[in-house]
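Structure record follows, encoded as structure tokens.
Numbering (the working numbering), first residue to last: 30 to 187.
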């Protein structure tokens, strides 16, 4: 049975969406049998975190809530409100984190993802893909991470 990957992302300016689209296109080219579902965070519910053999969460770093270094508001609402009581049952997760080096907490959304993973019984599949500043022109970095993701999927999953 082919492996499946569920990607949930939050994008307001389009940067995270661009990274997810670039990654998804690459993964489909490299592994045509891999089943990939992509979902926007604002449409996701707690149970969506259990879909697929592995899940990727993607978000930019925001300064909402009065403090810089937060998750995109849509990802925040998913992870800290709708999925606040979720148990991931050891689900393998990977993260796509974006940020802007004009801010002190450049890609702090990664810390929020890690905290969610630890407190909700998830398992980290591989180190996060971290994109600083505009993602355009960083396609090779996305592709390299995609190769590592494919290797991790085949090594970590039954």
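Quick reminder that beta carbons are idealized off the backbone N, C-alpha and C, glycines included.
The model shown is predicted, which means the values in this text are computed figures rather than measured ones.
> Under a CB-based cut-off of 9 Å, is residue 76 close to chain B?
Replying inline: No chain B appears in the structure shown, which is made up of a single protein chain.
> Going straight from the alpha carbon of residue 106 to that of residue 100, what length do you get?
Replying inline: 9 Å
> Is the beta carbon of residue 136 less than 9 Å from the beta carbon of residue 127?
Replying inline: yes
> What residue range is occupied by the uninterrupted beta strand (DSSP E) comprising residue 38?
Replying inline: 33 to 38
> So residue 6 packs on residue 32, CB below 8 Å; how close in whole Å?
Replying inline: Lying before the first or after the last residue shown, residue 6 is absent from the chain, which here runs from 30 to 187.
> Where do the N-terminal and C-terminal ends of the beta strand (DSSP E) with residue 102 fall, by residue?
Replying inline: Careful: residue 102 lies outside any beta strand (DSSP E), inside the alpha helix (DSSP H) at 102 to 105.
>> Considering Cα atoms alone, identify which of 170, 155 and 73 is closest to residue 37.
In response: 73
> Taking the alpha helix (DSSP H) that residue 46 falls in, what are its first and last residues?
Replying inline: 44 to 59
>> Which of the three DSSP states is assigned to residue 136 in this structure?
In response: coil
> Which same chain residues, not among the five before or five after residue 188, have their C-beta less than 7 Å away from its C-beta?
Replying inline: In the structure displayed, the chain extends from 30 to 187; residue 188 sits before or after that span and is not available.
> What did DSSP end up calling residue 108 once you bin it into helix, strand or coil?
Replying inline: helix
> Mapping DSSP to helix, strand and coil, what is residue 117?
Replying inline: coil
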